[in-house]
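So the structure is just underneath, and the comments pick up after that.
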Amino acid sequence: MTELGNRLKEARLAKGLSLEDLQSITKIQKRYLIGIEEGNYSSMPGNFYVRAFVKQYAEALQLNPEEIFETYKNEIPATHNEDLPEQLSRVKTRKTVTEGSSKIFDIIPKVLIGVFVIGAAGLLYYFFVNNVGGNGNNAINKENEPVKFIRSENLEKAEETEKDSEKENDKEQNDEENQNEEEKTVEENPVETPKQELTAVQNSGKNSTYDLKNTDKFVVKLVSTGQTWVNVKNSSGKSLFQGLLSTTGTQSTEVDLTGDTKAVIVVGRAVDTEIYVNDQKLEYAIAPADVVQQNITIQYVPKNG
Numbered sequence: 000m001t002e003l004g005n006r007l008k009e010a011r012l013a014k015g016l017s018l019e020d021l022q023s024i025t026k027i028q029k030r031y032l033i034g035i036e037e038g039n040y041s042s043m044p045g046n047f048y049v050r051a052f053v054k055q056y057a058e059a060l061q062l063n064p065e066e067i068f069e070t071y072k073n074e075i076p077a078t079h080n081e082d083l084p085e086q087l088s089r090v091k092t093r094k095t096v097t098e099g100s101s102k103i104f105d106i107i108p109k110v111l112i113g114v115f116v117i118g119a120a121g122l123l124y125y126f127f128v129n130n131v132g133g134n135g136n137n138a139i140n141k142e143n144e145p146v147k148f149i150r151s152e153n154l155e156k157a158e159e160t161e162k163d164s165e166k167e168n169d170k171e172q173n174d175e176e177n178q179n180e181e182e183k184t185v186e187e188n189p190v191e192t193p194k195q196e197l198t199a200v201q202n203s204g205k206n207s208t209y210d211l212k213n214t215d216k217f218v219v220k221l222v223s224t225g226q227t228w229v230n231v232k233n234s235s236g237k238s239l240f241q242g243l244l245s246t247t248g249t250q251s252t253e254v255d256l257t258g259d260t261k262a263v264i265v266v267g268r269a270v271d272t273e274i275y276v277n278d279q280k281l282e283y284a285i286a287p288a289d290v291v292q293q294n295i296t297i298q299y300v301p302k303n304g
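Quick note: the sequence shown uses numbering that gives the first Met the number 0, first residue 0, plus one each step.
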C-alpha cells in the first residue's frame, strides 16, 4: 500500500465511510477504489482515468485534489506519454509509405521520357519517308513541316496517379491532426460527476428551509456530540425516528427518505446535534448558540424528477 493510498483510506475511515458508501458517492467501481488505496493502478483503463478517479476520491472526502497531486506526484502516474508509442508507429508507417512512393515516382519520369523519345522518332521517320517517296528530289526544296507532338496517354495517367497520391497523403495528415485535437480536448476536459446541492432558501425564528438537488438519494443522519432530542418526519407528517441521542447511549441515527420529497427535523438541542444529508454536513442557517431548539425542513428534488 502506498502513502497516498494510506492517506485516502484513513480519511475515508475517519468519516465513517465504507467502500460501498464511497462507490455510491463517486460512481466509481469498488474495484477501482480498492486499486487506488492499494496503489494498484494496473486494473484501471489508463493513466488518465487513474488521475480522474484519485481527484473524485479526494473531493468526496473534502480533500484538496491539487494538494494531493502535488504531495504524491511521484506515486500518481502522468498522462502525457501514453500516446507516444502510437504516434511513433504512425510516423514510421507514413515514412515507409512515403519512401515507397518516392521510388515509384523516381522511375515514372524515366519511363515517360523513353516513351516520348520513341514516339518522336517514329513521327520523324514517318514524315521523312512520306516526303522523300512522294516528291523525289523536289522534297529537298520544300520547307520542313513542324513536328506535331501527341500527348502520351501514359503521361496523363501518371499525373493523375501523382495527384491522387498527394490528396491521399493530405487526407491522412488531416485525419491524424484531427484525432490529436480530439485526444487533447478529452484530456483537458475530464468528465466530472456533478456534486449535490444543499442550499438554505429561507429562515425565520427557529424555522429554516433547505433545497436538496442534483442527487439520486436522500439519506439523513443525525449525530449527537453531547445530548439532544430529535424527531424526523416525512412529507406526510409521519415520524420515522423520535428519541434521545447522546454520547453515552445511542449517538446517531440514519433515516432513508429517497422515496419521499421532504423531511422535517425537530432538533431539541442544536449545539449538540450534527446533521448530515447524503454524508454532506448541513450548515445551520440559524446559529445554534442563538436558537437552541430548531425546526429544519429539507425539500428534495430528485435528480431525474
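Where is the CB? At the ideal position from N, CA and C, for every residue including glycine.
- Going by DSSP, K212 is part of the beta strand (DSSP E) stretching over N206 to K212.
- Comparing alpha-carbon positions, the option among V290, T214, V266 and L7 lying closest to E36 turns out to be L7.
- Around the C-beta of I295, 16 or more other C-beta atoms lie within 10 Å, and the residue is accordingly described as buried.
- Nearest neighbour of W228 by Cα position, chosen from Q172, T252 and N63, turns out to be T252.
- If you check the CB distance, T208 and D271 do not come in under 7 Å.
- Judged by DSSP secondary structure, A77 falls outside any beta strand (DSSP E); it is assigned neither H nor E.
- Of the residues assessed, R50 falls on the buried side of the cut-off, its CB having 16 or more other CB atoms within 10 angstroms.
- In terms of CA proximity to L239, V218 leads the group S245, Q250 and V218.
- Listed in chain order, the non-local C-beta contacts of Y40 below 8 Å within the same chain comprise G34, N46, V49 and P76, local neighbours out to five positions each way being set aside.
- Taking the Cβ atoms as the reference, Y71 lies roughly 18 Å from T25, outside the contact range of under 8 Å.
- Across the set R268, G121 and P301, the C-alpha of R268 shows the shortest separation from the C-alpha of A286.
- If the five residues before and after L281 are omitted, its C-beta is found closer than 6 Å to the C-beta atoms of I274, all from its own chain and listed in chain order.
- In the structure shown, the three-state DSSP call for F68 is helix.
- Counting of Cβ neighbours within 10 angstroms places M43 among the buried residues, the total reaching 16 or more.
- Listed in chain order, the non-local C-beta contacts of V276 below 7 Å within the same chain comprise L197, L211, V219 and I297, local neighbours out to five positions each way being set aside.
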